[in-house]
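S.K.: The structure under discussion is supplied below as structure tokens; questions concerning it will follow.
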Amino acid sequence: MIAGYTKNGDVGQSLNLFRRLVLCGERSDGYTFSMVLKALSCGNWCRIGKEVHGQIVKSSVVVDDVLATALVDLYVKSGRVGYARRVFDFMMDKDVVCSTSMISGNMREGCVEDAEEVFEKTSEKDVVVFNAMIEGYGKLVETAKKAVEVYISMQRLGFKPNMLDWQPLNS
Numbered sequence: 229m230i231a232g233y234t235k236n237g238d239v240g241q242s243l244n245l246f247r248r249l250v251l252c253g254e255r256s257d258g259y260t261f262s263m264v265l266k267a268l269s270c271g272n273w274c275r276i277g278k279e280v281h282g283q284i285v286k287s288s289v290v291v292d293d294v295l296a297t298a299l300v301d302l303y304v305k306s307g308r309v310g311y312a313r314r315v316f317d318f319m320m321d322k323d324v325v326c327s328t329s330m331i332s333g334n335m336r337e338g339c340v341e342d343a344e345e346v347f348e349k350t351s352e353k354d355v356v357v358f359n360a361m362i363e364g365y366g367k368l369v370e371t372a373k374k375a376v377e378v379y380i381s382m383q384r385l386g387f388k389p390n391m392l393d394w395q396p397l398n399s
């Protein structure tokens, strides 16, 4: 039910149901925690997200990539890229979704070198990862040239540009 509320954008109901489960002593699994974190990231409620993260650590729940990605996304969306990076570095298999989230968050916070490091270590790049770099570079005058370089390398690797790729380059 928490997943249903979250997917329908009803953050309040998701959190109320989760709170009731906790008060009743019910144990949550990784999927439930990831849905709660997703709901919290939609509402930008990082403080409560940190509390949920604490519950995850105290529980015996295995932190798989889905749960770790939900934590990274929560911290990135709330501007806490340091926390996000700690979770990200803990992950064994960093998928493209999580890498893109880290890149976007680092670029948004002005941590260009950290974004570049994640980008370079991302083994299976897709057009979305390239877009995150292009958008981040395009927002800063001193890195605008790098946006063009990433765009060209994206094309060389066979990725087809779309309208979103052009927006940061035209500003």
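For any residue, its number in our numbering is found by taking its place in the sequence shown, counting from 1, and adding 228. Ideal placement from N, C-alpha and C gives every residue a C-beta, glycine not left out.
1) What does the alpha-carbon distance come out to for the pair residue 344 and residue 373?
2) When we look at the beta-carbon of residue 243 and count the other beta-carbons within 10 Å, is it buried (16 or more) or exposed?
3) From residue 293 to residue 320, what distance separates their C-alpha atoms?
4) Determine whether the beta carbon atoms of residue 263 and residue 296 lie at a separation below 9 Å.
5) Less than 9 Å between CB atoms is the rule here; does residue 357 satisfy it with respect to chain B?
6) Taking the alpha carbon of residue 269 as the point to measure from, which residue in 329, 338 and 384 has its own alpha carbon closest?
7) If I measure Cβ to Cβ from residue 283 and keep anything under 6 Å in the same chain, skipping five residues before and after, which residues do I get?
8) Below 8 Å on the Cβ atoms is my contact criterion, and I expect residue 326 with residue 316 to pass it. Report the Cβ-Cβ distance as a whole number of Å.
9) Buried or exposed: residue 331, going by 16 or more other Cβ atoms within 10 Å of its Cβ?
10) Expressed to the nearest angstrom, what Euclidean distance is found between the alpha-carbon atoms of residue 303 and residue 336?
11) So what does DSSP say about residue 232, is it helix, strand or coil?
12) Helix, strand or coil: which one does DSSP assign to residue 261?
13) Report, in whole angstroms, the separation of the C-beta atoms of residue 308 and residue 339, which I expect to be a contact under 8 Å.
14) Going straight from the alpha carbon of residue 310 to that of residue 388, what length do you get?
15) So, with DSSP's three-state summary, where would you put residue 368?
16) Starting from the Cα of residue 324, find the closest Cα among 356, 253 and 341 and give me that residue.
17) Identify whether residue 305 lies in helix, strand or coil by the three-state DSSP scheme.
M.R.: Well, looking at it:
1) 14 Å
2) buried
3) Each residue's CA atom was taken as its position, placing residue 293 and residue 320 some 8 Å apart.
4) no
5) In the structure shown, chain B cannot be found, because there is only a single protein chain.
6) 329
7) none
8) Indeed they touch by this definition, with Cβ atoms about 6 Å apart.
9) buried
10) Cα to Cα, the separation comes out at about 13 Å.
11) Correct three-state label for residue 232: helix.
12) helix
13) Not confirmed; about 12 Å, so no contact.
14) 33 Å
15) The answer is coil: DSSP assigns residue 368 none of H, G, I, E or B.
16) 356
17) Looking at residue 305 - three-state DSSP - the assignment turns out to be helix.
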